[in-house]
Structures are given as C-alpha cells and as structure tokens.
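Quick note: the sequence shown, position 436, residue 436 per the UniProt record's numbering, numbers continuous.
Accompanying notes for the structure given below.
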Amino acid sequence: MNEQTKKKKYRVNLPQTSFPMKASLAVREPECLKLWESEGLEKRVLEKAKQGKKKFILHDGPPYANGHIHIGHALNKTLKDIIVRFKTHQGCQTTYVPGWDCHGLPIEHTLLKEMGKKKDHVDQLEFRKKAREYAGKYVDIQKKEFQRLGVFGDWDHPYLTMSFPYQAAIARSFYELYDKGYIFRGEKPVYWCMSCETALAEAELEYQDKTSQAIFAAFPTANDTTVHDFFSGLGVKKDVPCFFLIWTTTPWTLPANVGIALNRDLDYGIYDAGRDGILIFAAVLEEKLKEKLKLETVKKLHQLKGSELRHRLGHYQHPFIERTGRVILADYVSGEDGTGIVHIAPGHGEEDYVCGHVQNQLDIISPVNYRGQFTEDFGKDLKLKGINVFDANQTIVDHLRSAGQLRGLEKHGHSYPFCWRCQTPVIVRSTPQWFLNVDHEKLRDRVIQIIQDKKETRWFPDWGKNRISKMMETRPDWCLSRQRLWGVPIPVVYHKETGEVFLNDRLKEKVINTFETEGADAWFSKSVKDWLAGEVKDPEAYQLETDILDVWFDSGVSHQAVLEHGYELGFPSELYLEGSDQHRGWFQTSLITAVALRGRSPFSHVLTHGFVVDGQGKKMSKSQGNVVSPQDVMKKYGADILRLWVSSCDTNNDIRMSPEILERMSEAYRKIRNTFRYLLGNIADFDPARHVAAFTKLDSVDQWVLSRFHEAATEVVQCYEQFKFHRIYQLIYEFCINDLSAFYLDVLKDRLYCHHPEDPRRRSSQTALFMITKGLCQLAAPILVFTADEVWRSFKFGNEKSIHETDWEQKLWQEFSAQPYRTWNAVREIRRHTDLMIEKLRETKTIGSSLDCRLIFQSESEILLKFMKSHEAELKQGLMVSAIEFGAPEASGAAQAVELAWQPVEGSQRTDKLTVQVLKAKGEKCARCWKYEPEVGSLKDPLLCERCFEVENKLGVRSGT
Numbered sequence: 001m002n003e004q005t006k007k008k009k010y011r012v013n014l015p016q017t018s019f020p021m022k023a024s025l026a027v028r029e030p031e032c033l034k035l036w037e038s039e040g041l042e043k044r045v046l047e048k049a050k051q052g053k054k055k056f057i058l059h060d061g062p063p064y065a066n067g068h069i070h071i072g073h074a075l076n077k078t079l080k081d082i083i084v085r086f087k088t089h090q091g092c093q094t095t096y097v098p099g100w101d102c103h104g105l106p107i108e109h110t111l112l113k114e115m116g117k118k119k120d121h122v123d124q125l126e127f128r129k130k131a132r133e134y135a136g137k138y139v140d141i142q143k144k145e146f147q148r149l150g151v152f153g154d155w156d157h158p159y160l161t162m163s164f165p166y167q168a169a170i171a172r173s174f175y176e177l178y179d180k181g182y183i184f185r186g187e188k189p190v191y192w193c194m195s196c197e198t199a200l201a202e203a204e205l206e207y208q209d210k211t212s213q214a215i216f217a218a219f220p221t222a223n224d225t226t227v228h229d230f231f232s233g234l235g236v237k238k239d240v241p242c243f244f245l246i247w248t249t250t251p252w253t254l255p256a257n258v259g260i261a262l263n264r265d266l267d268y269g270i271y272d273a274g275r276d277g278i279l280i281f282a283a284v285l286e287e288k289l290k291e292k293l294k295l296e297t298v299k300k301l302h303q304l305k306g307s308e309l310r311h312r313l314g315h316y317q318h319p320f321i322e323r324t325g326r327v328i329l330a331d332y333v334s335g336e337d338g339t340g341i342v343h344i345a346p347g348h349g350e351e352d353y354v355c356g357h358v359q360n361q362l363d364i365i366s367p368v369n370y371r372g373q374f375t376e377d378f379g380k381d382l383k384l385k386g387i388n389v390f391d392a393n394q395t396i397v398d399h400l401r402s403a404g405q406l407r408g409l410e411k412h413g414h415s416y417p418f419c420w421r422c423q424t425p426v427i428v429r430s431t432p433q434w435f436l437n438v439d440h441e442k443l444r445d446r447v448i449q450i451i452q453d454k455k456e457t458r459w460f461p462d463w464g465k466n467r468i469s470k471m472m473e474t475r476p477d478w479c480l481s482r483q484r485l486w487g488v489p490i491p492v493v494y495h496k497e498t499g500e501v502f503l504n505d506r507l508k509e510k511v512i513n514t515f516e517t518e519g520a521d522a523w524f525s526k527s528v529k530d531w532l533a534g535e536v537k538d539p540e541a542y543q544l545e546t547d548i549l550d551v552w553f554d555s556g557v558s559h560q561a562v563l564e565h566g567y568e569l570g571f572p573s574e575l576y577l578e579g580s581d582q583h584r585g586w587f588q589t590s591l592i593t594a595v596a597l598r599g600r601s602p603f604s605h606v607l608t609h610g611f612v613v614d615g616q617g618k619k620m621s622k623s624q625g626n627v628v629s630p631q632d633v634m635k636k637y638g639a640d641i642l643r644l645w646v647s648s649c650d651t652n653n654d655i656r657m658s659p660e661i662l663e664r665m666s667e668a669y670r671k672i673r674n675t676f677r678y679l680l681g682n683i684a685d686f687d688p689a690r691h692v693a694a695f696t697k698l699d700s701v702d703q704w705v706l707s708r709f710h711e712a713a714t715e716v717v718q719c720y721e722q723f724k725f726h727r728i729y730q731l732i733y734e735f736c737i738n739d740l741s742a743f744y745l746d747v748l749k750d751r752l753y754c755h756h757p758e759d760p761r762r763r764s765s766q767t768a769l770f771m772i773t774k775g776l777c778q779l780a781a782p783i784l785v786f787t788a789d790e791v792w793r794s795f796k797f798g799n800e801k802s803i804h805e806t807d808w809e810q811k812l813w814q815e816f817s818a819q820p821y822r823t824w825n826a827v828r829e830i831r832r833h834t835d836l837m838i839e840k841l842r843e844t845k846t847i848g849s850s851l852d853c854r855l856i857f858q859s860e861s862e863i864l865l866k867f868m869k870s871h872e873a874e875l876k877q878g879l880m881v882s883a884i885e886f887g888a889p890e891a892s893g894a895a896q897a898v899e900l901a902w903q904p905v906e907g908s909q910r911t912d913k914l915t916v917q918v919l920k921a922k923g924e925k926c927a928r929c930w931k932y933e934p935e936v937g938s939l940k941d942p943l944l945c946e947r948c949f950e951v952e953n954k955l956g957v958r959s960g961t
C-alpha cells in the first residue's frame with residue numbers, strides 16, 4: 001500500500017444543520033419574541049384557539065398588580081401556559097385571558113408610604129387616581145415579564161378588577177347575593193389589623209408561631225344565698241372566698257368578659273386550696289395544676305359534671321369590674337389544657353360570639369377602637385383608655401396580682417394570626433360590618449357536598465378536597481367590608497337614624513350602569529342626592545356606605561365578571577390552577593359565590609402547586625439572601641431553562657430552586673438540545689414527500705425505536721392530561737438520553753454515515769428520525785416553547801411557520817410492532833453486559849472502540865441460542881462489534897457469565913445464563929467505516945470493505961494529500 005493510497009479521503013454522510021449547538025437562549029429568545037410579534041404568531045394561535053372543537057378554559061387567578069413578578073409567579077404562569085398549549089395542540093378551544101387583581105392593601109400601603117401620609121389624611125378621589133395609575137404601571141411591567149417567559153394569552157384584552165366593566169360586574173354580583181339573602185350588615189367579631197386599620201378576612205391572615213404569656217385567674221363565685229347554701233353544704237365557711245379558675249392567653253380581653261364556659265360532660269372538682277381559697281377546675285387537671293400553681297394543700301371537697309355545676313353555680317363576679325357574668329356550657333371546652341373553664345368575651349372571638357351571644361344571648365362588649373386602643377378606663381385603679389391592647393396585657397396582670405386574683409403565669413407557644421400585608425399580629429374586635437352568611441340556604445353544606453362530589457369537581461392532588469372541606473366546615477361568615485380607600489365600594493344606601501338599607505331595582509341598575517361607564521369612583525364623586533334623585537323624598541336623611549369590598553370578593557366573582565359576562569368564555573371553567581394557599585383564598589371565595597349565585601362549582605378541575613423554596617427546603621426571603629429572581633434566571637440561562645425546571649418538579653409538594661439546581665437543569669437542557677441537533681443533522685437530505693417509508697417496510701431497529709417512541713409518547717400525553725409534569729420531563733429526557741443517544745443513534749451511525757445516501761436502509765432510519773424529531777418537537781413544545789420553535793424552523797416539517805400553530809399528529813407515535821420491540825429490547829439487554837466488558841478493555845488500551853472487537857457467546861439455553869443465531873445481524877449491529885461467533889470461549893482471553901433477562905414471546909419473561917468473551921477482531925480495519933471485515937485488503941481499494949468500496953464507486957472518490 002503506497003503513501004498516496006493511505007492519504008485517500010472518503011466521502012461520508014456527516015450531519016448537517018443550521019441548528020446551533022450553543023443555545024444562547026438569553027440572546028436568542030428575545031429575538032424569537034420579536035419574530036413572533038412581526039409574524040403575528042400569537043394572534044394566529046389565539047384565533048386558532050377560538051376555533052377549537054372541544055372547549056377547555058383555564059381561568060386565570062389574578063396576581064396583584066404590585067411589583068415585579070417573583071419565582072412563584074413564574075412557576076404558576078408557566079404551568080398554566082404548558083396546559084393551555086397542550087390543549088391547543090390537541091385542537092381544543094382554549095382562549096386564555098390573563099387577569100390582574102388591582103385593588104387592595106398592597107397598592108394602598110405602597111402609595112401611602114410614598115406619600116408619607118395616613119389614610120385619613122388624603123383626598124380619596126385623588127388617591128384612587130394614583131392607585132389606578134400605579135396598578136396600570138405594574139400590569140404593563142408584569143405583562144412584559146410573563147411574555148418574556150414565553151406565555152401566550154390574550155394580553156391585549158386582559159381582565160382587570162379595576163376596569164369599569166369588571167367593577168360593574170362586582171356590583172351586580174353583590175346585589176344578586178344581597179337579594180338572595182346571603183349578605184347582611186351586623187355587628188360581629190372580626191379579625192382586625194391595628195396597623196392597617198381595617199377588618200380582614202380569613203384568607204388575609206398568615207399564621208405564625210407566637211409565644212404568649214398565659215394566666216390563671218380567679219373569678220369569684222356569685223355572692224347570693226343559693227351559692228352560700230351550696231358551699232355551706234360542703235363544709236365551707238361563709239368567709240372563705242370561692243373562685244372559678246380560668247386560663248387565658250389574652251388577658252387584654254378580660255374587660256370584655258361576660259361569661260365563663262364549662263363542658264357539660266366534664267367532671268369538675270371543688271378544692272379547698274388553703275390560703276388560696278376554694279378553687280373550681282376540671283378534675284382531670286388536678287395533678288397538673290397542683291404542680292403549675294404550686295398549690296401546697298389541696299383537698300377535693302366535691303366532684304360534679306359541668307351541667308350540674310352550672311345548675312348549682314349559674315353566675316360569678318367579674319374579677320375587677322362591677323359586673324355579674326353567667327356560667328354557660330360549650331362543647332369545645334376540654335380538659336386537655338388550661339383549667340377546663342374558658343372565659344367568654346363575645347366581642348373578641350368567633351367561638352365566644354357563637355356560644356356566648358348567638359346561643360346564650362350574652363352581651364357583646366368590645367371597648368377597643370380601630371387602632372387597637374382601649375376606649376375607656378375600668379375603675380379608678382385600672383386606667384386603660386388610649387393604651388394598646390397588647391401593652392395592656394401586663395397592666396391587667398399586675399392589677400389581678402395586686403387584687404389577689406392572679407393564681408399563676410406560664411409561657412404558651414401557639415399559632416397566631418398575622419396580617420398578610422404588614423406582618424403584624426391581629427386582634428379580634430366586634431364592629432358593624434357587612435357579611436356573607438355562609439349558612440344561609442345551607443350554603444356551607446352545599447359547598448362541601450360539591451367539593452366532595454367527583455362529578456362536580458376533581459382535585460389534583462386529591463387531598464385538596466379534604467383540606468378545603470375542613471376549612472369550609474369551620475369558617476365563619478365572610479366579612480366583606482373594609483375600612484380602606486382603594487377598592488370597589490359597597491354600593492348601599494341606608495338611613496342615618498334607623499340604619500335601614502334603601503335599595504330598589506332602579507338604584508341598583510343606576511349603580512351598575514354608572515360603574516360600567518364611569519367606574520366605581522363615581523360612588524365617591526357623586527353625592528347621596530345624585531344617587532337618590534327621584535327615589536326618596538329626603539335624600540339628605542340617607543348616607544352612602546363608605547366601606548369598600550374585600551378584594552377577595554373582587555376575584556371571587558371573576559366567574560361572573562369574566563367567564564359568564566365579560567368574555568363569554570363559558571361557565572363553569574374546566575380548570576383553576578393556583579398555589580395551595582388558595583384553598584382558603586380564591587378557590588373558596590369562588591366556590592361560595594358561585595354556589596350561592598348559580599348553584600354549582602365555577603370549575604370542574606382544580607390543580608394546586610406547592611411553594612418555591614431554596615435548595616435546602618427553606619422559605620425564600622431577602623434577609624436570608626436565598627431569593628432566586630426569574631428575571632435573573634432568564635438573563636443568565638433563558639426562559640426555556642426556567643420552564644424546564646418547572647416541568648421537572650413534582651408540584652404537589654414545595655418546589656426547590658437554587659443556582660445548583662439551575663446548573664443541573666442547564667446541563668439536562670444541553671443534552672436534549674444536542675439530541676435535537678443530531679436528529680436534525682441526520683435528516684438534512686431527507687425529503688418527507690419523497691423519502692418516507694411505510695412502517696412495515698422499515699428496518700427492524702427503526703420499527704423498534706418507533707415502538708419505543710409510541711410507548712414513551714403515549715405516556716407523555718397521559719401525563720399532560722393528568723398534570724404530571726415532572727413525569728413528562730423524565731420521559732422526554734430519558735427517551736433522548738437512554739433510548740436515542742445511548743443506543744439507537746449510536747447504532748445508526750454506520751448506516752447513516754457510510755451507506756449510500758439513497759440506500760433504502762438509510763432512508764428507513766431517516767424516516768424514523770424524521771417522525772421522532774417532529775413528534776418529539778411537538779411533545780416538548782408546551783414546555784420548551786422557544787427551542788421547539790427553533791427546531792421546527794430548522795427543517796421543513798410542514799406548512800406551518802411555527803410549531804405552535806400545529807395540531808399534534810398522534811400518528812407520529814402510534815406505530816408499534818411487538819416482535820422488533822422484543823428483539824431489540826433483548827439486544828439492548830445483551831449490550832448492557834457487553835459494554836461493561838468492552839469498556840474494561842478500552843481502559844487498558846487493548847482496544848480503541850467496540851468495532852475493534854469480536855464476541856463469542858455460549859449458553860446452555862437452546863431458546864436463547866436459537867434467538868441469538870436467528871438475529872445475528874441485529875446483534876452485530878446493536879452491539880456495534882465487527883464479528884459475532886457462537887461456541888466455546890477461546891483460551892486466549894477471559895470469559896464472563898452473565899444473567900440475561902429477556903422476553904422471547906409476548907408475556908413470557910425468562911432469565912438465562914449467557915457466557916460472553918470479548919476478543920480482538922480478526923482481519924483488517926476498513927478506513928471508511930472502521931469495521932474489521934475479511935475482504936479488506938483484497939479489493940481494488942485495499943483500505944475498504946466491500947460495502948464502502950461500492951458506495952465510493954457510486955459517489956466518486958475524492959482524493960487529496
């Protein structure tokens with residue numbers, strides 16, 4: 001062989017594609033968005049979504065128009081976009097209307113802070129104008145940030161709770177609920193934020209761990225003949241003081257005390273405590289209280305049930321106010337902690353209100369103003385007027401101690417409600433408010449029944465239905481009124497003296513129509529005369545309600561404002577998707593209003609996700625320095641990496657995010673991208689119109705990979721349907737890495753590179769590659785929106801400009817053939833063992849690649865040997881070796897016995913022993929395909945095997961030095 005022959009260059013079919021290896025997503029994605037905008041792609045997709053045959057409406061829960069989006073927003077909107085895109089590709093009608101919550105405390109707080117003023121010192125109309133501008137500013141900012149994420153939607157026509165039509169819809173829903181008897185005005189205890197100076201709903205609370213000082217206080221029994229006779233019968237002298245022993249964590253509520261509660265079935269003991277007098281408490285707590293209160297001498301005089309004790313001792317004296325209280329019974333009182341006796345202040349607790357006022361007609365006393373300060377003193381020795389309730393705790397404790405009625409103190413850790421906005425502890429105080437009665441017309445029961453009925457609503461994850469059901473079981477009436485500036489007013493007029501509400505149909509229509517054209521500001525700009533003109537004789541005798549509606553009512557009636565009226569998307573929607581905190585928020589308020597107004601759920605499916613936490617599972621906070629900004633992620637990695645991270649997470653639980661996790665996602669993305677690049681590179685000369693081969697005509701390995709793709713893709717579609725996003729990621733990633741890169745594409749290299757371009761076997765493989773590339777692109781498109789579009793534009797897959805305009809062609813992954821599937825699965829299993837053995841030889845430099853090897857197989861299993869001999873060609877191709885032999889191992893090398901799990905026929909799994917020996921291949925190596933073939937050296941071109949020699953002759957050899 002001369003030197004010129006050795007330097008010959010041979011033509012092979014190397015991959016060719018314009019699809020770059022380096023993604024540069026942070027640069028390329030904004031360019032992609034500009035391209036989409038210039039093409040009008042989003043509008044075309046939205047128009048296509050409106051034409052779908054089957055309706056699937058995901059109703060957007062509105063984020064607050066306050067500040068930039070955070071990582072939780074990115075997670076939520078990406079999940080929604082994935083689902084909507086999936087349904088659009090399936091040909092569904094999927095109009096997605098994004099929304100924003102524009103009213104409420106977040107905006108009000110920010111503006112008041114900027115202005116340096118209190119809410120009582122600003123002009124309301126001027127303030128509302130500023131608030132509208134502020135909300136509009138952040139609607140635009142967040143819209144751009146969501147679009148940068150690749151989220152498609154009707155961004156030109158979003159729903160805003162501050163828009164005039166939406167405000168009119170809120171008023172319409174309020175009036176309808178009022179007319180049905182659900183809404184009333186009354187005085188009840190409500191959660192109250194002293195800092196924000198407003199009532200709060202349950203959904204506006206955040207519970208935090210708090211340590212309070214609990215007290216044991218002695219309440220004197222009533223001083224009357226019946227009581228004296230009772231104690232005298234127990235041998236108690238007339239001058240010995242007798243007390244009910246109560247325990248509380250809120251001493252500041254004692255001025256409002258009007259009752260104490262016992263459990264009717266609990267045993268209570270009457271104890272002689274020596275110098276501490278006669279004490280009454282739950283008998284089961286005797287030992288605990290002896291220790292806690294350091295009672296030196298305690299003698300039980302008598303024991304009786306709570307019901308009998310109440311009969312015997314029905315009254316008591318307030319410990320520091322000239323007030324006689326009543327003893328009542330309550331089932332929630334227990335003997336687990338405290339004393340088994342609970343002090344009742346109906347003005348400062350929901351349970352106290354129900355048990356004390358509703359069931360036992362105790363008075364409501366709430367001597368606390370909107371700033372959380374006491375409004376009066378309590379005797380000459382207890383000056384509390386103007387003092388904050390929390391500061392008053394110690395004053396009251398000191399007063400009880402000096403009066404000899406404090407029996408003990410202890411620290412008590414418990415979960416306490418804080419204002420969701422200002423993060424300060426709230427109180428409960430009784431004030432006149434507007435409420436939605438959740439028990440009117442058995443609304444509570446109907447809502448719970450609908451939650452539990454799978455025909456009405458399905459919950460993902462399933463535990464969500466029990467969680468929200470329990471919340472509904474115990475929730476109080478919904479406090480609708482807020483004493484704030486920025487929101488939709490409660491559109492009610494009432495008489496100044498009598499408090500009687502005036503509302504007729506004409507006034508309601510006038511309000512709704514005015515809000516529709518002028519907005520809710522008209523309520524504050526117009527006088528009561530303007531509103532009541534022609535309705536009453538003396539408008540000046542009436543006044544407009546100044547409170548605004550809870551913002552949860554704004555979003556809670558979105559099923560009316562958006563689904564039913566404003567956008568006519570259809571009621572109910574198919575899906576609500578929000579964080580798990582919305583079980584007590586938007587999901588609940590939407591259910592309450594929808595069931596009250598329409599008698600059914602506003603959604604047929606509910607999907608919840610967890611919260612984003614850092615890599616160690618800790619809550620993200622600026623103070624901890626562990627916050628990950630979606631804007632920073634997109635600048636560094638690109639939106640598709642962020643979207644891939646979303647799809648990789650099990651959203652049923654809290655979702656971890658950290659720089660390390662993003663690096664892993666970036667690496668996973670790189671592998672998926674490189675798979676697409678390799679696929680595209682190997683179909684560059686493939687024309688689907690001319691070269692596609694029928695499935696039955698494909699080579700067996702190509703039938704296998706399409707069968708494997710069928711298996712993976714079918715599960716991917718099922719997971720999209722079942723919202724199992726992390727499984728979609730796993731399936732796509734594993735198919736790309738394990739099935740394609742690690743096996744199939746490896747096996748194909750010889751055929752793709754070295755066969756003649758028009759060889760039927762090469763076109764067979766290209767057919768499979770084409771179908772997989774197109775199908776995989778469609779399956780990944782809802783997640784990797786930018787990358788999938790880039791893949792689509794890199795090859796002529798169809799007439800559509802973008803992947804996002806296509807309907808899924810399920811025929812791309814519907815082909816399946818059992819025999820090739822089993823055959824090549826067995827080949828893969830054999831290769832799993834041979835690769836390990838070959839790798840050991842490669843490490844010792846005995847060989848360079850698997851093509852340098854020949855394999856000798858031996859087995860006592862006739863079934864296995866018969867199978868392997870009948871598929872020798874597939875084995876040689878799949879194992880990527882130059883030769884395969886059957887028989888006893890040669891003496892020159894070591895052999896290894898392995899156990900092979902395989903399936904000779906469908907449904908018949910077996911395990912056989914197989915002896916494998918890896919040896920150096922015989923003969924010479926082909927300079928073109930690198931295989932060792934016996935004919936190398938004997939042909940006209942001594943460097944080539946027969947196959948390569950024929951291909952080169954057809955192509956024409958290029959020579960060079």
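Note that beta-carbon positions come from the ideal geometry of N, C-alpha and C, so glycine has one too.
If you're wondering where the values come from, they're calculated on a predicted model, not measured in any experiment.
- Could you have a look at residue 787 and say whether DSSP puts it in helix, strand or coil? Helix at residue 787.
Closest by C-alpha distance to residue 294, when choosing among 872, 308, 275 and 301 | The shortest C-alpha separation from residue 294 is found at 275.
query = From residue 533 to residue 510, what does the alpha carbon distance come to, in whole angstroms?
reply = Roughly 11 Å separates the two Cα atoms.
Looking at the structure shown, is residue 917 part of a helix, part of a strand, or coil, going by DSSP? If DSSP states are grouped into helix, strand and coil, residue 917 belongs with the strands.
For residue 886, is the classification buried or exposed, using 16 other Cβ atoms within 10 angstroms of its Cβ as the cut-off for buried? That one is exposed.
field: Coil, strand or helix - residue 306 by DSSP
entry: Note: residue 306 maps to helix in three-state DSSP.
For this session: For my contact list, residue 880 and residue 850 are in at a C-beta cut-off of 8 Å; report their separation, rounded to the angstrom.
Result: Sure, about 5 Å apart at Cβ, within 8 Å.
Exposure of residue 463, with buried meaning 16 or more beta-carbon neighbours within 10 Å:
With fewer than 16 other CB atoms across the displayed protein chains lying within 10 angstroms of its CB, residue 463 is exposed.
Looking at the strands, I want to know which residues DSSP matches up with residue 962. With the chain running from 1 to 961 in the structure shown, residue 962 is simply not present.
Give a yes or no on contact between the stretch 413-421 and the stretch 562-569, applying the rule of three or more CB pairs nearer than 8 Å. Cβ pair count under 8 Å is below three, so no.
request  = Just grab the DSSP bridge partners of residue 343 for me.
outcome  = For residue 343, which the question treats as bridged, DSSP gives the partners 260.
task = State buried or exposed for residue 572, treating a residue as buried only when at least 16 other CB atoms are found within 10 Å of its CB.
result = By the neighbour-count definition (other C-beta atoms within 10 Å, threshold 16), residue 572 is a buried residue.
DSSP state of residue 851, grouped into three classes? Correct three-state label for residue 851: helix.
Requested in this report: Mind reading off the beta-carbon distance from residue 787 to residue 798? Whole number of angstroms is fine, and I expect it under 8 Å.
Outcome: Not really, about 18 Å apart at Cβ, beyond 8 Å.
On the DSSP bridge assignment, give the partners of residue 970 in chain order. Outside the displayed span of the chain (1 to 961) sits residue 970, for which this structure offers no information.
List the DSSP bridge partners of residue 205.
Answer is 419, bridged to residue 205.
Kindly indicate which three-state DSSP category residue 959 falls into: helix, strand or coil? With a pLDDT of only 39 at residue 959, under the threshold of 50, the placement of this residue in the model should not be trusted; the figure read from the coordinates follows. Per DSSP, reduced to three states, the secondary structure at residue 959 is coil, with no helix or strand assignment.
Please classify residue 89 as buried or exposed, where buried requires at least 16 other C-beta atoms within 10 Å of its C-beta. By the C-beta density criterion, residue 89 is buried, having at least 16 other C-beta atoms within 10 angstroms.
Exercise. DSSP three-state call for residue 674: helix, strand or coil?
Worked result: Under the three-state reduction of DSSP, residue 674 is assigned to helix.
Simplified DSSP assignment, three categories, for residue 944: Residue state, collapsed to three classes: coil.
- CB of residue 408 within 7 Å of CB of residue 292, strictly: Yes, Cβ-Cβ distance for residue 408 and residue 292 is below 7 Å.
| said: I'd like the ranges of any alpha helix (DSSP H) spanning at least 4 consecutive residues and lying wholly in the stretch 619-648. | reply: The qualifying runs are 630-636 and 639-648.
* Asked: Where does the unbroken beta strand (DSSP E) through residue 459 begin, and where does it stop?
  -> Residue range 458-460 is occupied by the beta strand (DSSP E) that includes residue 459.
Problem - Rounded C-alpha distance that separates residue 813 from residue 715 - result: Straight across, the Cα-Cα distance linking residue 813 with residue 715 is about 11 Å.
Worksheet entry | Range covered by the alpha helix (DSSP H) that runs through residue 927 | No residue range can be given for residue 927, since it is assigned to no alpha helix (DSSP H) and is classified by DSSP as neither H nor E.
(message) According to DSSP, simplified to helix, strand and coil, what is residue 615?
(response) Coil at residue 615, not helix or strand.
At the level of alpha carbons, what is the spacing between residue 962 and residue 135?
Only positions 1 to 961 of the chain appear in this structure, which leaves residue 962 out of reach.
Looking at residue 639: is its Cβ nearer than 7 Å to the Cβ of residue 702? Their beta carbons are not under 7 Å apart, which means residue 639 does not touch residue 702 by this criterion.
| said: Measuring only the C-alpha atoms, how far is residue 182 from residue 436? | reply: In a straight line, the C-alpha of residue 182 is about 5 Å away from that of residue 436.
Pick helix, strand or coil for residue 324, following the three-state DSSP scheme.
For residue 324, the secondary structure class from DSSP, reduced to helix, strand or coil, is strand.
Practice item. Would you check if there are 3 or more beta carbon pairs closer than 8 Å linking the stretch 939-953 to the stretch 863-875? Key: With the cut-off at 8 Å, the stretch 939-953 and the stretch 863-875 do not touch.
Handout entry: Cα-Cα separation, residue 708 to residue 59
Key = Whole-angstrom Cα-Cα distance: 36 Å.
Query - Beta-carbon proximity check, residue 273 vs residue 298, cutoff 7 Å - result: A Cβ-Cβ contact shorter than 7 Å links residue 273 with residue 298.
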